[in-house]
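*Asks:*
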Amino acid sequence: DSGVTQTPKHLITATGQRVTLRCSPRSGDLSVYWYQQSLDQGLQFLIQYYNGEERAKGNILERFSAQQFPDLHSELNLSSLELGDSALYFCASSTSYSQPQHFGDGTRLSIL
Amino acid sequence: QKEVEQDPGPLSVPEGAIVSLNCTYSNSAFQYFMWYRQYSRKGPELLMYTYSSGNKEDGRFTAQVDKSSKYISLFIRDSQPSDSATYLCAMRVSGNTPLVFGKGTRLSVIA
């Protein structure tokens, strides 16, 4: 158990909808990272927060947004969903942005 | 050319074999190198973390980095069925730059 908790484990929704994925980092970790994993692209970095502030952005679509709250949990919001957004979404956390990242077990998003 | 290339496998070996997993990369600025293990329906789990070139050993696992060849390896000795998983290499330029992952190699260790 990595100590990173992601909810829900599985989400099924339709095109055009909006969903929110939640992540609770390991106790004491200030950095949170979001990744998307698909069969063809592998693990792709989306966005990073450190102690509530956005630190780095990767290949994150404009339809996607995230935030980190004062209690350090983070949410990833995906809107106007398309079939191609079906993937596994992982959250990772670390004590600071230079330390190794520890991953949660992901949220499987299925768009019908 | 992708930044990090990794043979997807699948790789199938008998129990007790020595396994060699490899990644090549194109960005010579990468300095931090990691190996993650991912079981089915689970998140990646950090196995090895190394900085710059050289070897690092941890139990049955040895990580090697050859920056001159832009090539990293993970060796698993005395492989076990419980080692059956997907192995992902990852790397980054500095402590505060994003991780770049390979697509992973699927390994099966047959009892």
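Chains as they are written, first to last, in the numbering used here: chain A, 3 to 114; chain B, 902 to 1012. Virtual Cβ for every residue (Gly too), placed ideally from N, Cα, C.
#1: Restricting to runs no shorter than 3 residues, where is the beta strand (DSSP E) found entirely within the segment 17 to 42 of chain A?
#2: From the beta carbon of Phe931 (chain B), is the nearest beta carbon of chain A less than 8 Å away?
#3: So which residues on chain A does Phe1002 (chain B) lean against when the C-beta distance must stay under 7 Å?
#4: From Cys93 (chain A) to Phe105 (chain A), what does the alpha carbon distance come to, in whole angstroms?
#5: Please decide whether Asn923 (chain B) counts as near chain A, where near means a Cβ-Cβ distance under 8 Å.
#6: Return helix, strand or coil for Gly44 (chain A), following the three-state DSSP convention.
#7: Suppose contacts are defined by Cβ-Cβ distances below 8 Å. Is Ala991 (chain B) in contact with Met935 (chain B) by that definition?
#8: Is Asp959 (chain B) buried or exposed, if buried means 16 or more other CB atoms sit within 10 Å of its CB?
#9: Nearest to Tyr952 (chain B) by CA position, among B:Asp967, B:Ser1009, B:Gly1003, B:Arg978, is which residue?
*Replies:* To lay it out plainly:
#1: 21 to 26, 33 to 40
#2: no
#3: Gly44, Leu45
#4: 6 Å
#5: no
#6: strand
#7: yes
#8: exposed
#9: B:Asp967
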